[in-house]
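Using the numbering used here, you'd call the opening residue of the sequence shown number 53 and step up by one each time. Take a look at the structure set out below.
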Amino acid sequence: MSDGFGDESATVNGDMFQESNGPTDSYAAIAQVDVQRQEPESLRKWREEQKTRLEALDSASKAAEEEWREKAKKELEDWHVHQTEQMEKNKANNRVARLCDFNPKTNKQAKDVSRMRSVLISLKQAPLVR
């Protein structure tokens, strides 16, 4: 018994023409060629010029984008170097500041260290440049 479903050569839902790249209707292909042939010379020339102009703009924008990326990468690396230097300087200042008591109210029996305290605070705010 053959019910038609086991037949491999049968087409189902028009699968036979699914893999074609161009128009499936042969008249549509001919019409498309006719339109290309009937296109005026000035219009064809404009299309070619526009295509080359757009390609030039694309290449220029890609070059500019690459330049901006390189510039941004360099600036980011410079910022990281600067940030690391600042952190190293601040580590030393913070170690000294942690050891000092910056509370202005002191005990009467202790020596007066207000001048030293003010020097340390000023150095912390504006460190010496080496």
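We treat Cβ as the ideally placed atom computed from N, Cα and C, and that holds for glycine. A quick note: this is a predicted structure, and the numbers were derived from the prediction, not measured.
Just the C-alpha distance for residue i and residue j, rounded to the nearest angstrom, thanks.
i    : j    : result
Q90  : K97  : 13 Å
D164 : C152 : 13 Å
K123 : H132 : 14 Å
D103 : K125 : Contrary to the premise, residue 103 reads as Lys rather than Asp in this sequence. Going by the C-alpha atoms only, they are around 33 Å apart.
E93  : K114 : 32 Å
W120 : A80  : 47 Å
R105 : E140 : 53 Å
E117 : E100 : 26 Å
M168 : K143 : 20 Å
E107 : V181 : 53 Å
A149 : L128 : 31 Å
S111 : D130 : 29 Å
S166 : Q177 : 17 Å
Is the beta carbon of residue j closer than 8 Å to that of residue i?
i    : j    : result
N146 : P179 : no
When DSSP labels each residue in this structure, what does residue i get in the three-state scheme?
i    : result
E118 : helix
L95  : helix
D110 : helix
D164 : coil
L180 : coil
Would you check if the region 162-174 and the region 129-140 touch, i.e. whether three or more CB-CB distances between them fall below 8 Å? no
Alpha helix (DSSP H) runs contained entirely in the region 126-156, provided each spans 4 or more residues: none
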